[in-house]
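Undergrad: Submitted below is the structure of interest, expressed as structure tokens.
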Amino acid sequence: QAAKVASDVRRTVKSSFDEHGLEKTFSKIEMFLATFPEDENIILASISLVACTLKALKAGSALSLVSAMLMQGLRTRPSFASVVFFCRQHPESDDLFAGPSALIRSLTAQLLRQDFANFTFCQKNVDMEGLRGGDVGVLCPFFEWLVRQLPQQKTVVCVVDAVETYETGEYEDDLRTVMQSLLRLARDPNLLATVKVLVTSHENTVSPHEIFNEGEGILLMEGLISNGDEKGMMDLDGEL
Numbered sequence: 001q002a003a004k005v006a007s008d009v010r011r012t013v014k015s016s017f018d019e020h021g022l023e024k025t026f027s028k029i030e031m032f033l034a035t036f037p038e039d040e041n042i043i044l045a046s047i048s049l050v051a052c053t054l055k056a057l058k059a060g061s062a063l064s065l066v067s068a069m070l071m072q073g074l075r076t077r078p079s080f081a082s083v084v085f086f087c088r089q090h091p092e093s094d095d096l097f098a099g100p101s102a103l104i105r106s107l108t109a110q111l112l113r114q115d116f117a118n119f120t121f122c123q124k125n126v127d128m129e130g131l132r133g134g135d136v137g138v139l140c141p142f143f144e145w146l147v148r149q150l151p152q153q154k155t156v157v158c159v160v161d162a163v164e165t166y167e168t169g170e171y172e173d174d175l176r177t178v179m180q181s182l183l184r185l186a187r188d189p190n191l192l193a194t195v196k197v198l199v200t201s202h203e204n205t206v207s208p209h210e211i212f213n214e215g216e217g218i219l220l221m222e223g224l225i226s227n228g229d230e231k232g233m234m235d236l237d238g239e240l
């Protein structure tokens, strides 16, 4: 059933998006999904998700919807800890919740709420001043430490949407630090929990590509070029 739906999705959306970009994106998504435990519900939901979101008139909207719906699905499952940050919701430098520091603070807060509600911290082991000050050099190691406390049966899914928003001179160094921290967790063979990282970019990016070496559990998705014909995908959306 999953294979049939995937085939229908491919056939329908090929007429609406640049074919080369579409094939590349589908392959990346399928490889990413294949790293999850065998769960037909997740796979089917994810394939349906691709069909629904690729109909968006703007590729950026589609990628953000992918991120949001993936989080919505995973947060109903206790074996997953899902954390997400939508960079385009906080583009201005005077926004208290903008920038890589806010990104990693948000991911940390979400993880704490989901899995550390009854956890007691020894204050001498935590740099509270650095955490309050938003120092990514303190926040990233703290986030990594939290993930290392999770049990083997837990899967952590980290989603960073529209990462290109912070690819500026002001934020670039801190963004690199945060991305390297997340990827370090995803690639650590000694970690008990499983970590998967999904980063979306609505435009071509430079910095993330320099540090991304896509492999198991790691996916960088970029926008597709629309040919302007979304009718077939809307029909398929209704069927799904």
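Under UniProt numbering, the sequence shown is numbered contiguously, ending at residue 240. We put the CB at the ideal spot given by N, CA and C, even for glycine.
(1) Should residue 95 and residue 102 be called a contact, given that it needs their Cβ atoms to be closer than 9 Å?
(2) What's the C-alpha gap between residue 242 and residue 155?
(3) Pair every Cβ in the region 139-148 with every Cβ in the region 69-79, then say whether three or more of these pairs are closer than 8 Å.
(4) Check this for me: beta carbons of residue 188 and residue 67, under 9 Å apart or not?
(5) According to DSSP, residue 158 sits in a beta bridge with which residue or residues?
(6) Suppose the cutoff is 7 Å on Cβ atoms and the five residues either side in sequence are ignored; what does the same chain contact list for residue 131 look like?
(7) Grouping DSSP H, G and I as helix and E and B as strand, with all else coil, what is residue 137?
(8) Out of 159, 109, 70, state which residue places its alpha-carbon closest to the alpha-carbon of residue 195.
(9) When you compare only the Cα positions, how much space is there between residue 200 and residue 127?
(10) Just mark residue 99 as buried or exposed, buried being the case when its beta carbon has 16 or more other beta carbons within 10 Å.
(11) Considering Cα atoms alone, identify which of 168, 163, 113 is closest to residue 64.
(12) What does the alpha-carbon distance come out to for the pair residue 72 and residue 177?
TA: Well, looking at it:
(1) Walking along the sequence shown from the start, residue 95 turns up at place 95. Walking along the sequence shown from the start, residue 102 turns up at place 102. Yes, these two residues count as a Cβ contact at 9 Å.
(2) This structure does not reach residue 242, given that the chain is present from 1 up to 240, and the question cannot be answered.
(3) no
(4) Counting from 1 along the sequence shown, the entry for residue 188 is found at position 188. Counting from 1 along the sequence shown, the entry for residue 67 is found at position 67. The Cβ atoms of residue 188 and residue 67 lie no closer than 9 Å to each other.
(5) Here residue 158 refers to the residue found at position 158 of the sequence shown. DSSP, once it has assigned bridges, lists 83, 197 as partnering residue 158.
(6) By 1-based counting over the sequence shown, the position of residue 131 is 131. Contacts found: 138, 139, 142.
(7) Position 137 of the sequence shown, counting from 1, holds the residue named residue 137. When DSSP states are grouped into helix, strand and coil, residue 137 belongs to the helix group.
(8) Translated into the one-based positions of the sequence shown, residue 195 becomes position 195. Minimum Cα distance to residue 195 is reached at 159.
(9) Counted from its first residue, the sequence shown places residue 200 at position 200. Counted from its first residue, the sequence shown places residue 127 at position 127. Spanning the two alpha carbons is a distance of roughly 31 Å.
(10) In the sequence shown, the residue the question calls residue 99 occupies position 99. Result: buried.
(11) Here residue 64 corresponds to residue number 64 of the sequence shown, with the count starting at 1. The shortest C-alpha separation from residue 64 is found at 163.
(12) Translated into the one-based positions of the sequence shown, residue 72 becomes position 72. Translated into the one-based positions of the sequence shown, residue 177 becomes position 177. So the alpha carbons of these two residues sit roughly 27 Å apart.
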